[in-house]
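Trainee: Structure below; questions to follow.
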Amino acid sequence: MHSEKASWGLKAAAWAGLAFLHIPILIIFLYAFNTEDAAFSFPPQGFTLHWFSVAFGRADVLEAIKLSLQVASIATLIALLLGTLAAAALYRHSFFGKDGISLMLILPIALPGIITGIALLSAFKGLGIEPGLLTIVIGHATFCVVIVHNNVIARFRRTSHSLIEASMDLGADGWQTFRHIILPNLGSALLAGGMLAFALSFDEIIVTTFTAGHERTLPIWLLNQLSRPRDVPVTNVVAMLVMLVTMLPILAAYYLTKGGESVAGSGK
32 MHSEKASWGL KAAAWAGLAF LHIPILIIFL YAFNTEDAAF SFPPQGFTLH WFSVAFGRAD
92 VLEAIKLSLQ VASIATLIAL LLGTLAAAAL YRHSFFGKDG ISLMLILPIA LPGIITGIAL
152 LSAFKGLGIE PGLLTIVIGH ATFCVVIVHN NVIARFRRTS HSLIEASMDL GADGWQTFRH
212 IILPNLGSAL LAGGMLAFAL SFDEIIVTTF TAGHERTLPI WLLNQLSRPR DVPVTNVVAM
272 LVMLVTMLPI LAAYYLTKGG ESVAGSGK
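The numbering of the sequence shown is this note's numbering, which starts it at 32 and goes up by one.
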């Protein structure tokens, strides 16, 4: 008779794996509150909120936060629209070229970010488009669409088509059927997909590096701070902010889609 309880060795390995993944994150959180302005003084000498006021008092930090929020919001809205329309077109009907379209939809998230960035930069240069806010948004939308599409199409596949047919048989038009039948069934999938897309866009750096031009999103600001050791406390505060902004939506999306058909695990 086999026991359902895991062995001590397996438990220890699991906890060791969690520690390996999360201790570096905890260190960033810890040093964001350190009273010392040295890069790393262990153990921390005290607890302070001083570096938060310093960080949010700097114009470059606020501009980077504003730009990242703006880009993530616009990219998420584009992804919600295009991803939902693509899922609606592909989930039920078969037609010539369907597999090719599906492949093209998921390709941006399957390719390494550096390949996507180089391809987008070449395309923008060929079209004479200067790198800036527009190019960053387009770059982020390419992989955000995949996130929304994966969530929505999985929900479509779990939604009984008989509900839609019954609504139409009872006299509802297309808009009424969408509003009262389809949209309520897609609500949590759209919310989860939107939050995942926002989180991935907010901390994206590889594609952004090729498409940003002179613009500096928050991840690019953090990358530039690596050459400024005197700003380490402020950098720790901003890094903690990035982790919170990206971690909380992903956790919320996980719980919204928990038990679904591999929806919550469709991140980049």
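We treat Cβ as the ideally placed atom computed from N, Cα and C, and that holds for glycine.
Starting from the Cα of P139, find the closest Cα among L221, D130, S104, I178 and give me that residue.
Mentor: Here the closest residue by C-alpha is I178.
Trainee: Is the separation between the beta-carbon of S193 and that of T208 shorter than 8 Å?
Mentor: No, Cβ-Cβ distance for S193 and T208 is not below 8 Å.
Trainee: Spatial neighbours of T266 within its chain, please: C-beta separation below 7 Å, excluding the five flanking residues on both sides.
Mentor: Within the same chain, T266 has close Cβ partners L253, Q256.
Trainee: In three-state DSSP terms, what is F78?
Mentor: It is a strand residue.
Trainee: With distances taken Cα to Cα, identify the nearest neighbour of L231 among L275, E196, S191.
Mentor: Checking every option, the nearest Cα to that of L231 belongs to L275.
Trainee: Around the C-beta of R189, are 16 or more other C-beta atoms found within 10 angstroms, so that it is buried, or is it exposed?
Mentor: Exposed.
Trainee: Leaving out five residues before and five after S99 in sequence, what residues of the same chain have Cβ atoms less than 7 Å from its Cβ?
Mentor: F233, T248, L249, listed in sequence order.
Trainee: Measuring only the C-alpha atoms, how far is V335 from F155?
Mentor: Any question about residue 335 goes unanswered here, given that the chain covers just 32 to 299.
Trainee: Would you list the one or two residues that DSSP bridges to N65?
Mentor: Its beta-bridge partners are F78.
Trainee: By a C-beta neighbour count over all protein chains shown, 10 Å radius and 16 as the cutoff for buried, is G225 buried or exposed?
Mentor: It is buried - the Cβ of G225 has at least 16 other Cβ atoms within 10 Å.
Trainee: In this structure, how does DSSP classify F17 when only helix, strand and coil are distinguished?
Mentor: In the structure as shown, the chain starts at 32 and stops at 299, and residue 17 therefore has no counterpart that could be examined.
Trainee: For F60, which residues from the same chain have a beta carbon less than 6 Å from its beta carbon, with the 5 sequence-adjacent residues on both sides left out?
Mentor: Here the set comprises M271.
Trainee: Specify the secondary structure class of D130 as computed by DSSP and reduced to three states.
Mentor: The answer is helix: DSSP assigns D130 an H, G or I state.
Trainee: What separation, rounded to the nearest whole angstrom, lies between the Cα atoms of T66 and R89?
Mentor: Using only the alpha carbons, I get a separation of about 19 Å.
Trainee: Determine the contact status of P280 and L227, defining contact as a CB-CB distance below 8 Å.
Mentor: Contact: yes.
Trainee: S219 to V168, Cα distance in whole Å?
Mentor: Spanning the two alpha carbons is a distance of roughly 24 Å.
Trainee: Check for me: the alpha helix (DSSP H) holding S232 runs from which residue to which?
Mentor: Note, S232: alpha helix (DSSP H), 214-233.
Trainee: Find out if the Cβ-Cβ distance for the pair P162, G244 is shorter than 8 Å.
Mentor: Contact flag set, yes.
Trainee: Take L164 and list the residues in its own chain whose beta-carbon comes closer than 8 Å to its own, dropping the five residues that flank it on each side.
Mentor: Within the same chain, L164 has close Cβ partners L98, Q101, V102, E246.
Trainee: Given a cut-off of 8 Å, decide if V269 and V92 are closer than it, judged by their beta-carbon atoms.
Mentor: In this structure, V269 lies closer than 8 Å to V92 by Cβ.
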